[in-house]
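S.K.:
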Amino acid sequence: MILGVVLGGQAPVLVAVTDEVPLWPVARAVARTAERACVALDLSRSGTAPVAAIRVGGRCPPALHPRVGSGVATIVRGGHGVTGRPLAPLDTEAVRRFAATCGLTDFAVTATGSPMLADHELEVAAAIRAEVPDARITLSYEFGQPGLREREADTISNAALCPEAGRIADEVARELPGVPAYFARSGGGLVSAHYFRRYPQACYQGAEACVRRGRAALAADPARVVSDELAAAYGATLGRPVAQVERIVQARGQVELDRELQRARDEALTRVVSAGAAPGSAWIAETMVNPMSYLPDGLYRVRVKGEGVPP
6 MILGVVLGGQ
16 APVLVAVTDE
26 VPLWPVARAV
36 ARTAERACVA
46 LDLSRSGTAP
56 VAAIRVGGRC
66 PPALHPRVGS
76 GVATIVRGGH
86 GVTGRPLAPL
96 DTEAVRRFAA
106 TCGLTDFAVT
116 ATGSPMLADH
126 ELEVAAAIRA
136 EVPDARITLS
146 YEFGQPGLRE
156 READTISNAA
166 LCPEAGRIAD
176 EVARELPGVP
186 AYFARSGGGL
196 VSAHYFRRYP
206 QACYQGAEAC
216 VRRGRAALAA
226 DPARVVSDEL
236 AAAYGATLGR
246 PVAQVERIVQ
256 ARGQVELDRE
266 LQRARDEALT
276 RVVSAGAAPG
286 SAWIAETMVN
296 PMSYLPDGLY
306 RVRVKGEGVP
316 P
């Protein structure tokens with residue numbers, strides 16, 4: 006039995022699915038015997054934590070500074086150009102001073118050029134951990150957006166959601182002890198509880214995606230009338246572990262491009278296992294390669310999507 010769960014209302018909505026047949030209501034004792042639980046929720050109304058945002062790059066007008074709400078932000082020297090060329094040495098001391106004095110533990114780090122070369126973001130993370138050992142750190146290169154502002158916004162949002170995601174994952178684990186939990190992604194598919202804790206932004210509109218999938222699957226039985234919550238619970242059970250990698254790569258010729266694509270595919274397969282797929286079950290579901298216009302030849306935007314099967 007697979008359990009579909011919708012959170013966010015006054016009470017959780019549960020659907021038990023056996024041999025692709027959904028049944029409800031579900032008693033708590035029965036729910037705790039599930040093979041796995043697939044949780045759908047939207048995080049748009051969830052509580053957020055104040056974030057310490059660090060942008061690595063050049064100076065900019067105040068209107069273009071990182072937007073952190075009740076958090077704090079700084080811009081430090083460093084970063085890379087779109088081809089990976091260093092723009093300036095990383096100001097590690099400024100990072101350490103900020104981390105030591107900001108008073109926060111949730112950090113969002115965004116460096117110019119990181120979809121091409123993430124070295125400065127990784128160095129910033131190491132400097133933060135030296136000052137704040139229990140810090141939760143989100144790095145923008147893991148989100149892949151080529152535009153600095155869009156990538157930074159996703160990074161800050163992810164960092165702000167991490168404490169709430171941890172609380173939700175803990176609550177699900179308490180209510181369903183011993184049942185492996187998966188969480189629905191915004192674009193479809195599932196991720197493990199471990200992945201959800203680290204990348205809650207991936208599940209920002211998970212329930213919305215599950216409603217569409219559940220209603221489509223239930224449309225074959227016009228006599229069955231269900232609410233959006235019940236449809237979302239069923240739709241969540243139809244997903245499987247999914248992860249994707251998005252990068253900017255530079256390749257002079259097909260041989261170099263093939264090598265970069267293989268690296269992206271290998272990373273995507275690793276991420277799918279981290280997202281809850283059984284080792285050896287992951288495969289590449291989609292590969293997109295687009296030359297980048299108005300930039301030096303040999304620059305490509307690469308996106309690879311991997312899928313897998315739960316254990």
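Here our numbering = 1-based position in the sequence shown + 5.
Glycine included, every Cβ here is placed at the ideal spot set by N, Cα and C.
(1) Excluding five sequence neighbours on each side, which residues of the same chain lie with their C-beta closer than 7 Å to the C-beta of A207?
(2) Specify the secondary structure class of R154 as computed by DSSP and reduced to three states.
(3) Tell me the residue span of the alpha helix (DSSP H) that contains A214.
(4) Going by DSSP in three states, F103 sits in which element: helix, strand or coil?
(5) Under a Cβ-count criterion, where at least 16 other Cβ atoms within 10 Å of its own Cβ denotes burial, should M293 be classed as buried or exposed?
(6) Look up P138 in the DSSP assignment and say whether it is helix, strand or coil.
(7) Mapping the DSSP letters down to three states, classify H70 as helix, strand or coil.
(8) Just to confirm the assignment, what range does the beta strand (DSSP E) spanning V10 have?
(9) For a cutoff of 7 Å on Cβ pairs, would you count A165 as touching chain D?
(10) To the nearest angstrom, report how far apart W29 and A113 are at their CA atoms.
(11) Going by DSSP in three states, G84 sits in which element: helix, strand or coil?
(12) Answer with buried or exposed for R64, where buried requires no fewer than 16 other C-beta atoms within 10 angstroms of its C-beta.
(13) Helix, strand or coil for D111? Go by DSSP, reduced to three states.
(14) With a Cβ-Cβ cutoff of 7 Å, do A269 and G303 count as a contact?
(15) In angstroms with no decimal places, state the Cα-to-Cα distance between E176 and P66.
(16) Just mark H199 as buried or exposed, buried being the case when its beta carbon has 16 or more other beta carbons within 10 Å.
(17) Going by C-alpha to C-alpha distance, which of R276, R218, A140, I289 sits closest to G108?
(18) Would you mind stating whether P205 and A170 have Cβ atoms separated by less than 7 Å?
(19) Which one or two residues does DSSP pair with Y187 in a beta bridge?
(20) Looking only at its own chain, which residues have a Cβ that is under 7 Å from the Cβ of D96, when we skip the five neighbours before and after it?
(21) Can you give me the start and stop residues for the alpha helix (DSSP H) that G240 sits inside?
(22) So which of A42, T115, F188, P296 has the shortest CA-CA distance to A212?
M.R.: According to the data block:
(1) The beta carbon of A207 is closer than 7 Å to those of R190, S191, V196 in its chain, skipping five residues each way along the sequence.
(2) In the structure shown, R154 adopts helical secondary structure according to DSSP, grouped into three states.
(3) Secondary structure note for A214: its alpha helix (DSSP H) is the uninterrupted segment 211 to 223.
(4) The three-state reading of DSSP puts F103 in helix, counting H, G and I together.
(5) M293 comes out exposed.
(6) In this structure, DSSP gives P138 a state outside helix and strand, which the three-state scheme calls coil.
(7) H70 falls in the coil class under three-state DSSP.
(8) First-last of the beta strand (DSSP E) with V10: 7 to 11.
(9) Considering every chain present, this structure includes no chain D. It has just one protein chain.
(10) Distance between the alpha carbons of W29 and A113: 41 Å.
(11) Reduced to three states, the DSSP call for G84 is coil.
(12) Classification of R64: exposed, given that the 10 Å Cβ count is below 16.
(13) It is a strand residue.
(14) No. Outside cutoff.
(15) In this structure, the alpha-carbon of E176 lies about 43 Å from that of P66.
(16) By the Cβ-count criterion, H199 is exposed, with fewer than 16 other Cβ atoms from all chains shown falling within 10 Å of its own Cβ.
(17) Nearest C-alpha to G108 among R276, R218, A140, I289: A140.
(18) Cβ atoms of P205 and A170: closer than 7 Å.
(19) For Y187, which the question treats as bridged, DSSP gives the partners C43, S197.
(20) Result list for D96: V81, R82, G83, in chain order.
(21) 233 to 242 is the extent of the alpha helix (DSSP H) around G240.
(22) With distances taken between CA atoms, A212 lies nearest to F188 out of A42, T115, F188, P296.
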